[in-house]
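Each remark here refers to the structure printed beneath this line.
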Amino acid sequence: MRVAASFQAATWLWLLVGASLWPLGGARADPLTLIPSVTLSEEYTDNVFFREDPQWDFLTRVRLGLGLTYETPRSRTTLATGTSGVYLARQTDQSQINIADAQQFFLTTTYQVTPRFSLGINDGFVRTKDTRDLNFILSPGGISTPPPVSDPSDNNPGNASVFLPRGSAINNSFGISGAYAFAPLWTTTLAYTNGYGWFSDPDAENLVQRGLVTLGRQWSPSLTFNGSYAYSRFNNTNAPDSQSNAIYIGASYQYSEMWSGVASAGASLNNSIETGGAPQRINAVYNLAITRLLQEGWQVTAGVSQNVTPSVGVAGASVTLNTYLASWAELGDRLTGTFYLSYSNFDATGADFYLLNTQIGLFYPLWRDVFAGFIYGFRQRDSEPGIDQTSGETINGNSVRLQVSTTWPFRFDI
5 MRVAASFQAA TWLWLLVGAS LWPLGGARAD PLTLIPSVTL SEEYTDNVFF
55 REDPQWDFLT RVRLGLGLTY ETPRSRTTLA TGTSGVYLAR QTDQSQINIA
105 DAQQFFLTTT YQVTPRFSLG INDGFVRTKD TRDLNFILSP GGISTPPPVS
155 DPSDNNPGNA SVFLPRGSAI NNSFGISGAY AFAPLWTTTL AYTNGYGWFS
205 DPDAENLVQR GLVTLGRQWS PSLTFNGSYA YSRFNNTNAP DSQSNAIYIG
255 ASYQYSEMWS GVASAGASLN NSIETGGAPQ RINAVYNLAI TRLLQEGWQV
305 TAGVSQNVTP SVGVAGASVT LNTYLASWAE LGDRLTGTFY LSYSNFDATG
355 ADFYLLNTQI GLFYPLWRDV FAGFIYGFRQ RDSEPGIDQT SGETINGNSV
405 RLQVSTTWPF RFDI
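Here you go:
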C-alpha cells in the first residue's frame, strides 16, 4: 500500500509537469535554459562515519549535475538533478569513486490554469549509499543545496544523514496544491503531500500523507490572514501507525522591501490508530519565518517551527522542533559568503534526540562560470542510550572542504 501511494503521487507529478510544459499558442518562442555542472572537491573530516569512535579521513568527491528552467506566460518549471561519488583515502572498501553513490532530484512547477485557479507541484528525491556521508555540495547558485530544514520536511535527508547508522537511504517528498480565488480578496487552497523514507540499517520505512485546506483573506496589499486544517497519517515500521488533526491560524506580512515574515500557530491532536500505541495527546504547532534584506547583496532568513513529523526511521511520529538561520552576502566585488545553522529536536515515544548542523562557505569566481569554494561544516547529535545502538553520548564531527565547480548555461527558444 505504501509503494502504491508513492507510485500514484509520482504519476500525478509527471502528468502535471507535462501540462505545465505544454506549449500555449504554438507560435510563441518560450525560453528553456539548461545548466550542466561539474564539481570536484577535496575534504578533510575528523569523524568520517560520525560515530562515537571517530576516524579521520580525506574524501575526494566528484559530482555531475544538470539544472533546467522553462517559462511560459502561464507556467514556470525548475529542475535540479545530480549524481555524485566519493573516494575515501584511508578506507579500503571505498578505494575508488563510484559516481552513482548518491543521486538527487528536485523539481518545482507552477501553472496558472485560469486567472483565478493555479496549480503547484514539487518533488524532492534523494538516494544515498552511505547515510553517514553528507553527500551535498553547496554552490552560490543553490542548484545542489539541500532543502532547508525550515520546512518541517517529513523525511529530511539531512536528518537521516547525521543520525542513522551507516547504510543506504531513499527519501522522496511530493506535494501538490491548488489555489482558487473565489472573490477579489478571498482565496482557498487545497494541498496534498506524500513523504516516503526507507533506511537499510535499521531496516525501516516512514510514510506520511497529509491533506491541508486553507482559507486566506487579503487584508491589505501587504497583509494576509489565513486559517488552516490539516490531517496527517503516519505509517512506520518501528512503531504503531498514528494520525493527527491540526488547526492553525496565521498571517503573512510584507513590511517593506527590506522586511517580510510569515507566522502561524495552532494545536494538534495526535492518537494511535493501532492498539498498543502511544496515548492520545495534544501539542502546540507553530511556524515563524522572517527574511531581512540588510542591504543590497546581504540577506538573512531565520525561522522556528514545531510540527508532528516522522522520526527518520527511529520510532513513530515525533513532535519535532526545527530552528534555522541562513544568510548570504556579497563580501566584495567577486567574493560571496554563505552561512547556515539548523537545530532539530525529535520528541517521539521511546526516542528523544537532537541534531545540530552548521555550514560556512566562501565562493569566488576564477574565470567566467568557474567557481572556487571553501566550506567548513560542523555537526552534532545527542540521543537517549540505546537509540541507534549507541550509549547515548554526544557525537561531533568537523569537516573542511575545498571545491572547484563549473557550469555551462545554454538558452533555447522553443
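Those letters in the sequence shown? Residues 5 to 418, per this note's numbering, in order. Just so it is clear, CB atoms sit at the ideal spot from N, CA and C, and this is done for glycine as well.
Worksheet item: Using 8 Å as the Cβ pair cut-off and three pairs as the minimum, do the region 301-316 and the region 326-335 touch?
Response: yes
Worksheet entry | Cβ shell of residue 61 (< 7 Å), same chain only, five flanking positions each side left out | Taking the first residue of the sequence shown as position 1, residue 61 is located at position 57. Taken in chain order, the residues that qualify are 49, 52, 92, 93, 94 and 95.
Discussion item. Taking a contact to mean a Cβ-Cβ separation below 8 Å, would you say residue 253 touches residue 269 in this structure?
Written reply: Numbered from 1 along the sequence shown, position 249 holds the residue referred to as residue 253. Numbered from 1 along the sequence shown, position 265 holds the residue referred to as residue 269. Their beta carbons are under 8 Å apart, which means residue 253 touches residue 269 by this criterion.
Practice prompt. On a CA-only basis, which of 204, 84 and 341 is nearest residue 173? Give me that one, please.
Written response: Numbered from its first residue, the sequence shown carries residue 173 at position 169. Nearest C-alpha to residue 173: 204.
Worksheet item: By how many angstroms is the C-alpha of residue 126 removed from the C-alpha of residue 363?
Response: Numbered from its first residue, the sequence shown carries residue 363 at position 359. Numbered from its first residue, the sequence shown carries residue 126 at position 122. Answer to the nearest angstrom: the Cα atoms are 25 Å apart.
Worksheet entry | DSSP bridge partner residues for residue 67 (one or two, in chain order) | Indexing the sequence shown from 1 puts residue 67 at position 63. Residue 67 is bridged to 43 and 88.
Practice prompt. Starting from the Cα of residue 83, find the closest Cα among 243, 110, 103 and 411 and give me that residue.
Written response: By 1-based counting over the sequence shown, the position of residue 83 is 79. Measuring from the Cα of residue 83, the nearest candidate turns out to be 110.
Fill in: DSSP-derived helix/strand/coil call for residue 369
By 1-based counting over the sequence shown, the position of residue 369 is 365. DSSP places residue 369 in strand when its eight states are reduced to three.
Worksheet entry | For residue 231 and residue 410, the rounded distance between their alpha carbons | Residue mapping note: residue 410 aligns to position 406 of the sequence shown, counting from 1. Residue mapping note: residue 231 aligns to position 227 of the sequence shown, counting from 1. When rounded, the distance between both Cα atoms is 45 Å.
Fill in: Residue ranges of each beta strand (DSSP E) within the region 245-283, 3 or longer
246-257 and 263-276
Worksheet item: Is it the case that the Cβ atoms of residue 352 and residue 388 are separated by a distance below 8 Å?
Response: Walking along the sequence shown from the start, residue 352 turns up at place 348. Walking along the sequence shown from the start, residue 388 turns up at place 384. No; because the gap between Cβ atoms is not below 8 Å, this pair is not in contact.
Worksheet item: So what does DSSP say about residue 335, is it helix, strand or coil?
Response: Counting from 1 along the sequence shown, the entry for residue 335 is found at position 331. Three-state DSSP puts residue 335 in coil, outside helix and strand.
Worksheet entry | Exposed unless 16 or more other CB atoms sit within 10 angstroms - verdict on residue 149 | Your numbering for residue 149 matches position 145 in the sequence shown. Its pLDDT being 38, under 50, residue 149 is placed unreliably by the model, and nothing is read from it.
Worksheet item: Between the Cα of residue 187 and the Cα atoms of 75, 222 and 349, which residue gives the shortest distance?
Response: Stepping through the sequence shown from its first residue, residue 187 is reached at position 183. Checked all of 75, 222 and 349; the closest Cα to residue 187 is 222.
Worksheet item: In chain order, what residues of the same chain have a beta carbon less than 6 Å from the beta carbon of residue 415, not counting five sequence neighbours either side?
Response: As a working mapping, residue 415 is identified with position 411 in the sequence shown. Here the set comprises 37.
Discussion item. Give me, in chain order, the residues of the same chain whose beta-carbon lies closer than 6 Å to that of residue 67; leave out the 5 immediate sequence neighbours on both sides.
Written reply: Taking the first residue of the sequence shown as position 1, residue 67 is located at position 63. Same-chain partners within the cutoff: 43, 86, 88 and 141.
Worksheet item: What does a CB cutoff of less than 6 Å around residue 243 pick up in its chain, not counting 5 residues either side in sequence?
Response: For the purposes of this step, residue 243 is taken as the residue at position 239 of the sequence shown. Here the set comprises 319 and 320.
Discussion item. As a quick exercise: from 378, 366 and 312, pick the residue whose alpha carbon is nearest that of residue 350.
Written reply: One-based indexing of the sequence shown puts residue 350 at position 346. Of the candidates 378, 366 and 312, the one whose C-alpha sits nearest the C-alpha of residue 350 is 312.
Worksheet item: CA-CA distance, residue 113 and residue 208?
Response: The residue you call residue 113 lines up with position 109 of the sequence shown. The residue you call residue 208 lines up with position 204 of the sequence shown. Approximately 31 Å between the Cα atoms of the pair.
Worksheet item: Taking Cβ to Cβ, would you say residue 275 is nearer than 8 Å to residue 284?
Response: To locate residue 275, count along the sequence shown from 1; it is residue 271. To locate residue 284, count along the sequence shown from 1; it is residue 280. Taking 8 Å as the Cβ cut-off, residue 275 and residue 284 qualify as a contacting pair.
Worksheet item: Can you tell me whether DSSP reads residue 311 as helix, strand or coil?
Response: For this step, residue 311 is matched to residue 307 along the sequence shown. Residue 311: strand per DSSP, three-state reduction.
Worksheet entry | Close Cβ partners of residue 412 (< 6 Å) along its chain, the five nearest in sequence each way excluded | The sequence position of residue 412 within the sequence shown is 408, counting from 1. Residues 40 of the same chain have their beta carbon placed closer than 6 Å to that of residue 412, with the five preceding and five following residues left out of the count.
Practice prompt. Give a single yes or no on whether residue 287 has its beta carbon closer than 7 Å to a heavy atom of the ligand HEM.
Written response: In the structure shown, the ligand HEM is absent, as is every other ligand, since no ligand is present at all.
Practice prompt. Over the uninterrupted beta strand (DSSP E) stretch that includes residue 382, give me the two end residues.
Written response: In the sequence shown, residue 382 corresponds to position 378, counting from 1. Per DSSP, residue 382 is one residue of the beta strand (DSSP E) stretching across 374-387.
Item to complete: Report buried or exposed for residue 1, applying the criterion of at least 16 other Cβ atoms within 10 angstroms of its Cβ.
Response: Because residue 1 is not part of the residues shown, which for the chain are 5 to 418, the question remains open.
Discussion item. I'd like to check one pair, residue 108 with residue 130: are the Cβ atoms closer than 8 Å?
Written reply: Indexing the sequence shown from 1 puts residue 130 at position 126. Indexing the sequence shown from 1 puts residue 108 at position 104. Judged by their CB atoms, residue 130 and residue 108 are nearer to each other than the 8 Å cut-off.
Fill in: Cα-Cα separation between residue 196 and residue 225, rounded to whole angstroms
The residue you call residue 196 lines up with position 192 of the sequence shown. The residue you call residue 225 lines up with position 221 of the sequence shown. Taking the straight line from one Cα to the other gives about 28 Å.
Item to complete: Could you tell me which residues DSSP puts in a beta bridge with residue 223?
Response: Numbered from 1 along the sequence shown, position 219 holds the residue referred to as residue 223. DSSP lists no partner for residue 223.
Fill in: Distance, residue 418 Cα to residue 74 Cα
The residue labelled residue 74 in the question sits at position 70 within the sequence shown. The residue labelled residue 418 in the question sits at position 414 within the sequence shown. Cα to Cα, residue 74 sits roughly 10 Å from residue 418.
Item to complete: For residue 398, count neighbouring C-beta atoms within 10 Å of its own C-beta (all shown protein chains included) and say buried if the count is 16 or more, exposed if not.
Response: Counting from 1 along the sequence shown, the entry for residue 398 is found at position 394. With fewer than 16 other Cβ atoms within 10 Å, it is exposed.
Worksheet item: Buried or exposed: residue 337, going by 16 or more other Cβ atoms within 10 Å of its Cβ?
Response: Indexing the sequence shown from 1 puts residue 337 at position 333. So residue 337 ends up on the exposed side.
Worksheet item: Do you know whose CA, among 381, 406 and 234, lies nearest residue 346's CA?
Response: Reading the sequence shown from its first residue, position 342 is the one you call residue 346. Comparing Cα-Cα distances from residue 346 to each of 381, 406 and 234, the minimum goes to 381.
Worksheet item: How should residue 401 be labelled, buried or exposed, when 16 other C-beta atoms within 10 angstroms of its C-beta is the threshold for buried?
Response: The residue given as residue 401 occupies position 397 in the sequence shown. Counting Cβ neighbours within 10 Å, residue 401 comes out buried, since at least 16 surround it.
Worksheet item: Excluding five sequence neighbours on each side, which residues of the same chain lie with their C-beta closer than 6 Å to the C-beta of residue 262?
Response: The residue given as residue 262 occupies position 258 in the sequence shown. The answer, listed in chain order, is 297.
Worksheet item: Thinking C-beta only, is residue 367 closer than 8 Å to residue 324?
Response: Within the sequence shown, numbered from 1, the residue matching residue 324 stands at position 320. Within the sequence shown, numbered from 1, the residue matching residue 367 stands at position 363. No, the Cβ-Cβ distance between residue 324 and residue 367 is not below 8 Å.
Worksheet entry | C-alpha distance - residue 234 paired with residue 216, whole-angstrom precision | Here residue 234 refers to the residue found at position 230 when the sequence shown is read from its first residue. Here residue 216 refers to the residue found at position 212 when the sequence shown is read from its first residue. Residue 234 and residue 216: Cα-Cα distance of roughly 4 Å.
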